[in-house]
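Taking it in order: structure first as C-alpha cells, then the write-up.
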Amino acid sequence: VESEYFGAALIAVANAEQIKKDIQFTVGIALTILIVIFIVFYRKLTIPIILFTPTIFGGILSIAFLYLIRTEISAISLGIGSVLLGVTLDYSLHILTHIRNNETIEHLYRDITKPILMSSLTTAMAFLCLLFLDSQALQDLGIFAAVSVLGASVFALLFIPQAYKGGSKKGLK
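With the first letter of the sequence shown counted as 1, position 132 gets the number 755 in our numbering; the numbers rise by one all the way through.
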C-alpha cells in the first residue's frame, strides 16, 4: 500500500520548517565568523560578548514588542536577524573604537551620541516604511527591524562604556 498527501497545509508546514532552518543556519554562520574575527582582531575573548550584548538586547526587545502588538509573528520577519546582526554591531564597534582612542567618557558621548542615534533613527524609519505595505509579514519585519536597531543603539551607548575596561589610558571616568 502506498499513500501520498498534498495540499496547502503541507506546503506551509514545509516552508515554515525550511525558513526556521535557514534562519538558524545564516545567523550561525554570521555569528561564528564575526566571533572569530573579533577575537583575532581585538585579542580578547570577552570582546565578542561585549559587542554582541546590545545586538541581543535589541533582538529580544523587538520580539517582546512584536509579542505585545501582534497575535502572531511571521518567521520571515525574524529571518532578517542575520542582516540586523551586521547593522547593529556597527554601533557597538563605533563606540568601542572611540573608547580605544583614549577618550574620556564626556568626550566619547559628546562625539558619538548624536551620530549613533541619528543613524539608528534613519535606519529604523526606513524599515518602518514597510508598515505602508499590505503584507503582514513585511509589516512585522519593519517593526522587528526598527525596534531592534533603536534598542541596540541606545543600549550600546549605555552598556559598552561601562562594560569595556582597559581601552583608554585616560580612563572612562
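C-beta atoms are modelled at their ideal positions from N, C-alpha and C, and glycine is treated no differently.
Simplified DSSP assignment, three categories, for residue i
| i | result |
| --- | --- |
| Arg733 | helix |
| Thr702 | It should be pointed out that residue 702 corresponds to Gly in this sequence rather than to Thr. Note: Gly702 maps to coil in three-state DSSP. |
| Val624 | coil |
| Leu756 | coil |
Residue nearest to residue i in terms of C-alpha spacing, selected from the options
| i | options | result |
| --- | --- | --- |
| Thr746 | Ala786, Gly702, Ala768 and Ile686 | Ala768 |
| Phe750 | Val659, Arg733, Ile703 and His717 | Ile703 |
| Phe778 | Phe688, Asn638 and Leu712 | Leu712 |
| Glu695 | Leu719, Leu764, Ile662 and Thr655 | Leu764 |
| Ile683 | Ser771, Leu756 and Leu731 | Ser771 |
Test item: CB-CB of residue i and residue j under 7 Å
| i | j | result |
| --- | --- | --- |
| Ser685 | Ala760 | no |
| Leu708 | Ala653 | yes |
| Pro677 | Ile728 | no |
| Tyr665 | Ile722 | no |
| Ile670 | Phe661 | yes |
| Leu773 | Gln762 | no |
| Ile658 | Ala698 | no |
Inter-residue Cα distance where the pair is residue i and residue j
| i | j | result |
| --- | --- | --- |
| Phe680 | Leu744 | 17 Å |
| Val636 | Ile718 | 42 Å |
| Gln647 | Glu625 | 34 Å |
| Ile766 | Val710 | 15 Å |
| Ala775 | Tyr690 | 18 Å |
| Arg693 | Glu640 | 21 Å |
| Gly651 | Ile739 | 26 Å |
| Ser742 | His730 | 19 Å |
| Ala631 | Asp757 | 21 Å |
query: Counting only runs that start and end within the segment 654-727, where is the beta strand (DSSP E) found for 3 or more residues in a row?
result: none
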